[in-house]
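Input: a single structure, listed below in structure tokens.
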Amino acid sequence: MGLPERYRLFFRTFKEQKIIIIIWLEFPRKEGDKNDCYQVFSKKVANGDFPESVNELLAECEVEDSVDPY
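Quick note on numbering: the sequence shown equals residues 1024 to 1093 in the working numbering.
As structure tokens, then:
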């Protein structure tokens, strides 16, 4: 058993707070689009662009939620 080929599951741990953040990418997408969730996430991974704390991660999520992707 496992996730279907098109699903992506990632996680980030924060030991001090004893928190595990799980990221599951499974959004409608258009391959090659600059806003394609897989491309955006892959770029973050390649650049090592991840928040260092839970508070930074939550703040980044709130900013991104307030932006209309369309």
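Glycine included, every Cβ here is placed at the ideal spot set by N, Cα and C. Computed from a predicted model, the values in this text were never measured in an experiment.
Asked, Found
"Proximity to residue 1067 [Cα-Cα], best of 1083, 1038, 1042", "1083"
"Three-way DSSP call (helix, strand, coil) for residue 1073 in this model", "coil"
"CB of residue 1077 within 7 Å of CB of residue 1042, strictly", "yes"
"Nearest-angstrom beta carbon gap, residue 1061 and residue 1081 [assumed within contact, 8 Å]", "Not quite, the Cβ-Cβ distance comes to about 23 Å (not below 8 Å), so this is no contact."
"Rounded separation between residue 1064 and residue 1057 - CA only", "11 Å"
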